[in-house]
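To keep things clear, I will list the structure first and then write my remarks on it.
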Amino acid sequence: MQKILLFKLGAIGDVLMTTPFVRQLRRGLWEENDITYMVGKRSSEVLVWNPNIDEIIMFDEDIFSKRDIWRWMRLIFRLRKLAKEYETIVVFDKHWILSLTAFLGWFGRRIWFDRMGKEGRLLTDELYYDASKREVEYYLDLLQSFWIKADYNDQKYNIFWWIIDKLNNNEELDLKEKELVSNFLKKKEEIDNFINDLKKKWKKIIWISTGWGNIVTNQIHKNKDCRWWNINNWIALSENLLKSGYQVILLWSKTDRNLDIKNISFHNFLWKNWIIETIYLITKLGLVIWQESWFGHFVWCTNTSLILLAWPTNPQRFFPYNQTWKYIWKEKKECYDCYGSYKNCKWDEIDKITVDEILEYITKQDLS
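Converting from the sequence shown to this note's numbering requires adding 4 to each position, the first position being numbered 1.
Pasting the structure below:
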């Protein structure tokens, strides 16, 4: 039996983008092969119910952001213990420190991305990476290290969508699925009632997620590294929608309450067992306007209509294919490089997106 260890630092959206690889890896291997995913604690929950993963191992991802060398060494010794069981490690992150970590973990086979052909010295299997194509496709390219042919048309995220599809179609769940969602099923009726009450009250609802509340906190403190659409634009958009007969509901952040808009509703959409309940709620929404954050990746697990205000990330590389989704991106080319440097980015570029072009798209949508 082959035992494979997958390693990812975190970031919910990035972890979700690896799930098509995991699904195709499982499909291409013999059933008795073991797939374990080692991931940062904050992103681990999106993998908990993934049927293609045998075991999830969590670690504190802050080891790297805080540059804690002592905890990093403890992680390396933990990896060395795992290397006695797992011959192969696949590292999804692209920073050289993760390549070094896998090397010091003494794994016999180390599969990783080699940025610009300059960082592959510590690898046994490297994949050239220059950030020139879709991110999910880079992950799928890793399948060649297992002699598996990638299906580039199969890019849907694995995040309990098969269970939600069954629930929405009133199909019977098997015993394992019932166990997985037992807590959620208690909340499902509450969510359904919440949405039905809103639809009785308002015919046309626009849901807005500005991204972590940073729209307010960053711009009030005049953070020059702010990538959020200007506060005044959000206010103008919301007021125009209200005048046109739409109800605007702002999702997620307490700090967003600082937006001075009359008649707007605020709703913290995160229920207690948050991920599956949040995904289920999103399937019931009509149209979401969203700025970059992990929330949009949850929308990508559904067919809910979406407008993405993108910057600086190139949505052509990260945005899944779906006819119900639209992105607005004003850059002619990416302002950052594959090493994560944004020194050439102009931080007010996102404000080239106008309220009028968003309104024009919304008026074409049937939200009844």
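Backbone N, C-alpha and C fix where the C-beta goes; we use that ideal spot for every residue, glycine too.
Sub-8 Å separation of residue i and residue j beta-carbons
i	j	result
Ile199	Ile293	no
Asn162	Val26	yes
Lys98	Arg119	yes
Met62	Lys85	no
Val185	Ile167	yes
Glu59	Gly14	no
Leu131	Leu104	no
Phe68	Ile101	yes
Asn37	Ile57	no
Lys20	His301	It is Leu, not Lys, that sits at residue 20 in the sequence shown. Yes, the pair counts as a contact, with Cβ atoms nearer than the cut-off.
Ile354	Leu313	yes
Thr328	Asn348	no
Phe322	Ser213	no
Trp211	Ile239	no
Lys288	Ile311	no
Val43	Asn237	no
Leu377	Lys170	Look at the range of the chain in this structure, 5 to 372, and you will see that residue 377 is not part of it.
Rounded Cβ spacing between residue i and residue j (contact assumed at less than 8 Å)
i	j	result
Tyr392	Thr40	What the structure shows of the chain is the stretch from 5 to 372, and residue 392 is not part of that stretch, so it cannot be assessed.
Ala154	Gln6	Between Gln6 and Ala154 the Cβ distance is about 19 Å, and since that is not below 8 Å, they are no contact.
Cys342	Asp134	6 Å
Gly290	Ile235	The Cβ separation is near 24 Å, so there is no contact.
Tyr346	Pro316	6 Å
Ile366	Ile332	That belief does not hold up - the Cβ atoms of Ile366 and Ile332 are roughly 12 Å apart, past 8 Å.
Phe188	Ile280	5 Å
Leu285	Ile195	5 Å
Pro24	Asp201	Not a contact, Cβ separation roughly 36 Å.
Gln295	Trp351	Not quite, the Cβ-Cβ distance comes to about 14 Å (not below 8 Å), so this is no contact.
Residues near residue i in its chain [Cβ-Cβ closer than 7 Å; skip 5 each side]
i	result
Gly249	Lys208
Arg374	What is shown of the chain runs 5 to 372, which leaves residue 374 out entirely.
Leu108	Ile80
Phe369	The sequence given here places Gln at residue 369; Phe does not occur at that position. For Gln369, where only same-chain residues beyond five positions count, the Cβ hits under 7 Å are Leu291 and Ser309.
Thr22	Lys12, Phe96 and Tyr143
Trp110	Arg84 and Ala87
Arg156	It should be noted that the sequence gives Tyr, not Arg, for residue 156. Correct list, in chain order: Glu141 and Leu144.
Ser47	Gly14, Ala15, Ile16 and Val19
Lys160	Pro24
Ser136	none
Own chain partners of residue i with C-beta closer than 6 Å, once the 5 adjacent residues on each side are dropped
i	result
Ala106	Ile93, Val95 and Arg114
Leu10	Tyr41 and Val94
Asp229	Annotation note: pLDDT 49 at Asp229 (below 50); position unreliable, coordinate value reported separately. Same-chain partners within the cutoff: there are none.
Trp304	Pro324
Ile152	Gly32
Trp206	Gln251
Glu49	Ile279
Arg138	Arg321
Glu338	Asn318
His225	Confidence at His225 is low in this model, with a pLDDT of 43, below 50, so its placement is unreliable and the value that follows should be read with caution. Hits under 6 Å: none found.
Same chain, Cβ closer than 8 Å to residue i, neighbours up to 5 away in sequence not counted
i	result
Tyr142	Phe117, Leu131 and Tyr133
Arg82	Phe63
Gly121	Tyr132
Gly112	Ala87, Glu91, Thr92 and Thr128
Asn244	Val359 and Leu363
Trp76	Ile67, Phe68 and Thr105
Leu147	Phe25, Gln28, Leu29, Gly32, Lys153 and Ala154
Lys203	Ile209
Ser149	Val94, Ile115, Asp129 and Leu131
Lys334	Trp315, Glu353, Ile354, Lys356 and Ile357
Gln223	Below a pLDDT of 50, predicted positions are generally treated as unreliable, and Gln223, at 47, falls in that range; the measurement from the model is reported next regardless. Cys230, Trp232, Asn234 and Ile235, listed in sequence order.
Within-8 Å CB hit, residue i to chain D
i	result
Lys182	No chain D is part of this structure, which consists of one protein chain only.
- Enumerated in chain order, which unbroken segments of the beta strand (DSSP E) with a length of 3 residues or greater are wholly contained in the region 59–146? You should have 59–63, 92–95, 113–119 and 129–133.
- Query: Enumerated in chain order, which unbroken segments of the beta strand (DSSP E) with a length of 3 residues or greater are wholly contained in the region 309–357?
  - Reply: 309–313 and 329–332, all fully within the region 309–357.
- Query: Which full runs of the alpha helix (DSSP H) of 4+ residues lie inside the region 174–200, going along the chain?
  - Reply: Correct list: 179–184.
- Task: Tell me the start and end of each unbroken beta strand (DSSP E) in the region 231–256 that is at least 3 residues and wholly inside, in chain order.
- Result: Whole beta strand (DSSP E) segments, 3+ residues: 251–255.
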